[in-house]
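Visitor: One structure, as structure tokens, below. Some questions next.
Residue numbers (my numbering), protein chains in the order written: chain A, 31 to 490; chain B, 3 to 67; chain C, 22 to 202.
Okay, here's the thing in structure tokens:
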């Protein structure tokens with residue numbers, strides 16, 4: 031064990047003036063333990079989507095940080111998120127992945143909870159407890175706050191956390207791109223059946239920073255572009271619109287959310303795609319037209335990989351997915367990936383997109399495979415006593431972000447770097463780690479809600 | 003007498019409980035531990051008759067007629 | 022005499038199919054991917070569903086559906102060929118350096134033959150696999166499960182027309198699936 035391993039977080043590990051981040055924050059076990067308390071117990075986390083639980087009694091077992099939670103719809107139709115652990119002796123009350131139920135009954139001693147979380151069944155309540163157990167007090171632990179944002183379900187354990195939309199700040203429009211229909215109508219997304227879950231031997235922040243908008247690692251995906259899996263059947267792995275748009279890094283300071291983002295020139299439509307599948311090509315063309323009609327100038331915004339702090343990744347365009355990076359140990363992450371389609375899209379379109387999603391993403395995805403190799407061995411090679419002495423470099427494009435960015439009449443909020451000339455920047459990672467350090471340092475939300483006028487000192 | 007697996011008992015089935023009461027299954031959550039049942043008779047506490055309660059599996063000693 | 026002939030037909034077919042599966046496994050383990058692709062029918066379907074934990078009785082919900090749900094794999098020859106091409110680039114870092122693989126195939130059972138055992142054109146066969154994958158230094162994966170294959174007569178040999186792979190895992194314990202099963 032390295033000497034430093036005995037110490038947890040201290041300021042200076044994230045040093046953005048120098049453009050450096052210490053390897054300790056990825057490999058140190060004490061820091062990992064502190065993250066569970068300071069980040070995962072306080073931040074808003076993605077739990078699932080309402081299309082996974084359409085009917086009363088439906089549930090989907092999810093995860094928040096290290097902990098198992100149940101996303102369920104009670105008999106009255108209300109959505110809840112509960113800790114998946116019996117109040118009596120802690121046994122998981124649900125070990126199925128999904129289903130429909132009237133109660134969650136603990137297999138250990140038989141305590142049973144309604145889908146609204148209330149303790150309803152206690153064996154020998156009269157005889158052994160003399161009817162004196164306060165059942166109201168011993169229901170399933172429920173999250174402090176839950177928010178249904180256009181069908182996506184988010185939750186936090188911290189009652190003092192700001193509401194979810196305030197937590198998002200100006201990042202709202204990027205999550206909208208994920209959840210609204212491609213035709214511009216609100217909240218049209220549905221989740222395809224089958225959530226991919228897999229283990230990667232790396233710290234959770236490797237995928238988090240990658241999806242924050244790592245434009246620099248394109249080179250590691252060269253093999254998939256040579257093999258040609260693009261949405262039109264061959265060629266580069268993603269969409270043609272990247273060639274005609276301004277390519278931006280957009281970071282929402284104060285919030286720790288950031289993304290890559292394309293802005294089409296005024297009056298220009300994206301180049302045609304899916305040319306080998308006329309039904310899909312026609313659907314996309316129709317959607318673009320509708321979107322321009324409904325959204326006007328805003329329809330020029332095209333989504334790309336992004337990250338909502340701390341561990342939710344967006345990819346609103348192609349493949350259209352959301353992922354959550356669940357911490358399992360300092361050295362292991364459980365990745366969960368949800369895939370989306372417009373619920374009103376023709377069946378052929380859904381199937382075509384699905385084929386593309388599978389060959390792109392996840393452990394069998396020809397693109398994502400190479401990412402996981404990098405995260406795995408970057409982590410492994412950073413654990414040693416010597417390796418830990420040398421910080422990573424995050425200096426790319428330091429000091430070049432602008433606010434009030436505008437392109438042909440469209441204003442983009444946040445700190446922006448136009449990558450069209452510079453090719454790449456590490457502004458998104460700086461934004462992510464600055465926020466990470468703030469979470470590690472601030473004792474409560476009064477100091478974390480910096481946009482309300484609180485102090486901002488971490489890492490500066 | 004062998005134990006009864008309550009997991010798959012259909013609503014409408016009548017059951018005999020350890021204290022001699024008889025009840026009819028209203029809904030079965032299928033967890034193998036609990037049944038929602040309405041009392042048909044209850045020698046120990048006649049006020050329970052007509053009431054719906056959760057019945058714990060080990061209390062079900064026989065199937066009624 | 023006819024009954025004896027039928028038993029011999031079954032035995033011969035069973036051996037022929039088993040040989041095919043062993044040869045296929047050997048090609049994969051020797052990284053002769055182009056020859057492996059030649060064993061696939063042009064309309065091959067290669068499907069590996071995700072497995073869920075479901076309640077006894079909900080057998081249907083245990084597997085994600087082919088062609089409509091998200092699966093680990095659900096693809097045809099074109100995508101499979103592109104996977105081979107990707108490995109052959111030498112810059113597919115998840116397979117470079119390449120993995121060391123052993124496919125152990127066992128419990129081979131011919132489940133049916135059409136139109137007959139004596140003159141089979143289409144054969145369904147089930148088997149169990151154990152795949153040992155070791156790469157770089159100590160990275161090791163073991164995958165165990167069942168395959169349900171449809172084979173189609175091709176002259177003197179056979180082509181794989183459909184493969185369903187049932188892996189005995191829920192959360193995938195491997196970081197990737199860069200190899201064929």
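C-beta: ideal position from N, C-alpha, C; glycine also.
None of the values given here were measured: they were computed from a predicted structure.
Select from A:247, A:429, A:342 the residue whose C-alpha is nearest the C-alpha of residue 201 (chain A).
Guide: As a position in the first chain, residue 201 (chain A) is number 171, starting the count at 1. It is A:342 whose Cα lies nearest to the Cα of residue 201 (chain A).
Visitor: Could you pull the start and end residues of the beta strand (DSSP E) that residue 380 (chain A) belongs to?
Guide: For the purposes of this step, residue 380 (chain A) is taken as the residue at position 350 of the first chain. From DSSP, residue 380 (chain A) is part of no beta strand (DSSP E) but of the alpha helix (DSSP H) over 377–390.
Visitor: What's the C-alpha gap between residue 357 (chain A) and residue 59 (chain A)?
Guide: As a working note, residue 357 (chain A) is residue 327 in the first chain. As a working note, residue 59 (chain A) is residue 29 in the first chain. Straight-line Cα distance between these residues: approximately 12 Å.
Visitor: Tell me which same chain residues have a C-beta within less than 8 Å of the C-beta of residue 117 (chain A), skipping the five on either side of it?
Guide: On the first chain, position 87 is the one that residue 117 (chain A) refers to. Correct list, in chain order: 141, 149, 168, 169, 170, 171.
Visitor: Please tell me whether residue 289 (chain A) and residue 219 (chain A) are closer than 8 Å, where the distance is taken between their beta carbons.
Guide: Along the first chain, read from residue 1 onward, the residue named residue 289 (chain A) stands at position 259. Along the first chain, read from residue 1 onward, the residue named residue 219 (chain A) stands at position 189. No, these two residues do not count as a Cβ contact at 8 Å.
Visitor: Give, in chain order, every residue of the stretch 62–83 of chain A whose Cβ lies closer than 8 Å to some Cβ of chain C.
Guide: Here the close residues number zero.
Visitor: At 8 Å on the CB atoms, spell out the chain C contacts of residue 259 (chain A), in chain order.
Guide: Along the first chain, read from residue 1 onward, the residue named residue 259 (chain A) stands at position 229. The answer, in chain order, is 100, 103.
Visitor: So with CB distances below 8 Å, who are the chain A contacts of residue 92 (chain C)?
Guide: Residue numbering aside, residue 92 (chain C) sits at position 71 when the third chain is read from its first letter. Chain A residues near residue 92 (chain C): 224, 388.
Visitor: What residue from C:180, C:40, C:112, C:46 has the CA that sits closest to residue 152 (chain C)'s CA?
Guide: Looking up residue 152 (chain C) in the third chain gives position 131. Ranking C:180, C:40, C:112, C:46 by Cα distance to residue 152 (chain C) puts C:46 first.
Visitor: With a Cβ-Cβ cutoff of 8 Å, do residue 175 (chain A) and residue 189 (chain A) count as a contact?
Guide: Counting from 1 along the first chain, the entry for residue 175 (chain A) is found at position 145. Counting from 1 along the first chain, the entry for residue 189 (chain A) is found at position 159. Closer than 8 Å, so yes.
Visitor: Note down, in chain order, every chain A residue with its Cβ under 9 Å from the Cβ of residue 21 (chain B).
Guide: Taking the second chain and counting its residues from 1, the one referred to as residue 21 (chain B) is at position 19. The premise fails here: residue 21 (chain B) is roughly 11 Å from chain A at the closest Cβ pair, so nothing lies under 9 Å.
Visitor: Going along the chain, which residues of the stretch 43–54 of chain B sit with their C-beta nearer than 7 Å to a C-beta in chain A?
Guide: Listed in sequence order: no entries.
Visitor: Could you please give the first and the last residue of the uninterrupted beta strand (DSSP E) stretch that includes residue 64 (chain B)?
Guide: Counted from its first residue, the second chain places residue 64 (chain B) at position 62. Residue 64 (chain B) -> beta strand (DSSP E) spans 62–65.
Visitor: Hey, does residue 393 (chain A) have any beta-carbon neighbour from chain B nearer than 8 Å?
Guide: Here residue 393 (chain A) refers to the residue found at position 363 when the first chain is read from its first residue. Judged by the 8 Å Cβ criterion, residue 393 (chain A) is not in contact with chain B.
Visitor: Where in the stretch 138–192 of chain C do unbroken runs of the beta strand (DSSP E), each at least 3 residues long, occur, reported from the N-terminal end onward?
Guide: Here the runs fully enclosed are 143–156, 160–175, 178–188.
Visitor: When the Cα atoms are used, what is the spatial distance from residue 257 (chain A) to residue 112 (chain C)?
Guide: Numbered from 1 along the first chain, position 227 holds the residue referred to as residue 257 (chain A). Numbered from 1 along the third chain, position 91 holds the residue referred to as residue 112 (chain C). Distance between the alpha carbons of residue 257 (chain A) and residue 112 (chain C) is about 11 Å.
Visitor: When the cut-off is 8 Å and only beta carbons count, does residue 151 (chain A) lie next to chain B?
Guide: Taking the first residue of the first chain as position 1, residue 151 (chain A) is located at position 121. Cβ-Cβ to chain B under 8 Å: yes for residue 151 (chain A).
Visitor: If we count Cβ pairs, one from each stretch, closer than 8 Å, do we get three or more for the stretch 312–330 of chain A versus the stretch 36–54 of chain A?
Guide: In short, these stretches do not touch, since the Cβ pair count stays below three.
Visitor: Name the chain A residues that come within less than 9 Å of residue 29 (chain B), Cβ to Cβ?
Guide: Against the second chain, residue 29 (chain B) aligns to sequence position 27. Result: 132.
Visitor: From this set, C:62, C:173, C:145, C:105, which residue's C-alpha is nearest residue 198 (chain C)'s C-alpha?
Guide: Here residue 198 (chain C) refers to the residue found at position 177 when the third chain is read from its first residue. When only C-alpha atoms are compared, the closest one is C:105.
Visitor: My assumption, with CB atoms under 8 Å, is that residue 369 (chain A) sits in contact with residue 222 (chain A). Please give the rounded CB distance.
Guide: Your numbering for residue 369 (chain A) matches position 339 in the first chain. Your numbering for residue 222 (chain A) matches position 192 in the first chain. Indeed, because the Cβ distance is near 5 Å, the residues count as touching under 8 Å.
Visitor: Less than 8 Å between the beta carbons of residue 90 (chain C) and residue 181 (chain A), yes or no?
Guide: Residue mapping note: residue 90 (chain C) aligns to position 69 of the third chain, counting from 1. Residue mapping note: residue 181 (chain A) aligns to position 151 of the first chain, counting from 1. Result no, Cβ atoms of residue 90 (chain C) and residue 181 (chain A) do not sit closer than 8 Å.
Visitor: Based on the DSSP output, what are the partners of residue 364 (chain A) in its beta bridges?
Guide: Translated into positions along the first chain, residue 364 (chain A) becomes position 334. Note: residue 364 (chain A) sits in a beta bridge opposite A:229, A:356.
Visitor: Can you have a look at residue 65 (chain B) and say buried or exposed, based on whether 16 or more other CB atoms are within 10 angstroms of its CB?
Guide: Reading the second chain from its first residue, position 63 is the one you call residue 65 (chain B). Classification for residue 65 (chain B): exposed.
Visitor: Quick one: give me the first and last residue of the beta strand (DSSP E) that residue 461 (chain A) is part of.
Guide: The residue you call residue 461 (chain A) lines up with position 431 of the first chain. Here residue 461 (chain A) belongs to no beta strand (DSSP E); instead the alpha helix (DSSP H) covers 457–471.
Visitor: Can you look up residue 32 (chain A) in the DSSP assignment and give me helix, strand or coil?
Guide: The residue given as residue 32 (chain A) occupies position 2 in the first chain. Unreliable placement is indicated for residue 32 (chain A), whose pLDDT of 48 sits below 50; the coordinate value is still reported in the next sentence. Looking at residue 32 (chain A) - three-state DSSP - the assignment turns out to be coil, as it is neither helix nor strand.
Visitor: Alpha helix (DSSP H) containing residue 55 (chain C): first to last residue?
Guide: Along the third chain, one-based indexing puts residue 55 (chain C) at 34. Here the alpha helix (DSSP H) through residue 55 (chain C) covers 54–59.
Visitor: How would you write the range of the beta strand (DSSP E) that residue 128 (chain A) sits in, first residue to last?
Guide: By 1-based counting over the first chain, the position of residue 128 (chain A) is 98. Note, residue 128 (chain A): beta strand (DSSP E), 128–130.
Visitor: Since residue 135 (chain A) meets chain B, which of its residues come closer than 9 Å, beta carbon to beta carbon?
Guide: Against the first chain, residue 135 (chain A) aligns to sequence position 105. Those within 9 Å of residue 135 (chain A) in chain B are 31, 33, 34, 35, 36.
Visitor: What does the alpha-carbon distance come out to for the pair residue 424 (chain A) and residue 67 (chain A)?
Guide: As a position in the first chain, residue 424 (chain A) is number 394, starting the count at 1. As a position in the first chain, residue 67 (chain A) is number 37, starting the count at 1. Computed Cα separation, rounded: 26 Å.
Visitor: State the Cα-Cα distance for the pair residue 344 (chain A) and residue 322 (chain A), rounded to the nearest angstrom.
Guide: Taking the first residue of the first chain as position 1, residue 344 (chain A) is located at position 314. Taking the first residue of the first chain as position 1, residue 322 (chain A) is located at position 292. Cα-Cα distance, rounded: 22 Å.
Visitor: Between the alpha carbons of residue 19 (chain B) and residue 61 (chain B), how many angstroms are there, rounded?
Guide: As a position in the second chain, residue 19 (chain B) is number 17, starting the count at 1. As a position in the second chain, residue 61 (chain B) is number 59, starting the count at 1. Answer to the nearest angstrom: the Cα atoms are 5 Å apart.
Visitor: Just to confirm, are residue 278 (chain A) and residue 287 (chain A) a CB contact at a threshold of 8 Å?
Guide: Here the question's residue 278 (chain A) lines up with position 248 in the first chain. Here the question's residue 287 (chain A) lines up with position 257 in the first chain. Going by C-beta atoms, residue 278 (chain A) is not nearer than 8 Å to residue 287 (chain A).
Visitor: Can you find at least 3 beta carbon pairs, one from the stretch 5–24 of chain B and one from the stretch 45–61 of chain B, that sit closer than 8 Å?
Guide: Contact between the stretch 5–24 of chain B and the stretch 45–61 of chain B is present, because at least three Cβ pairs lie under 8 Å.
Visitor: Cα-Cα, which of A:246, A:101, A:121 is closest to residue 456 (chain A)?
Guide: The residue you call residue 456 (chain A) lines up with position 426 of the first chain. When only C-alpha atoms are compared, the closest one is A:246.
Visitor: Could you spell out the range, first to last residue, of the alpha helix (DSSP H) harbouring residue 63 (chain A)?
Guide: If you number the first chain from 1, residue 63 (chain A) lands on position 33. That run of the alpha helix (DSSP H) goes 59–65.
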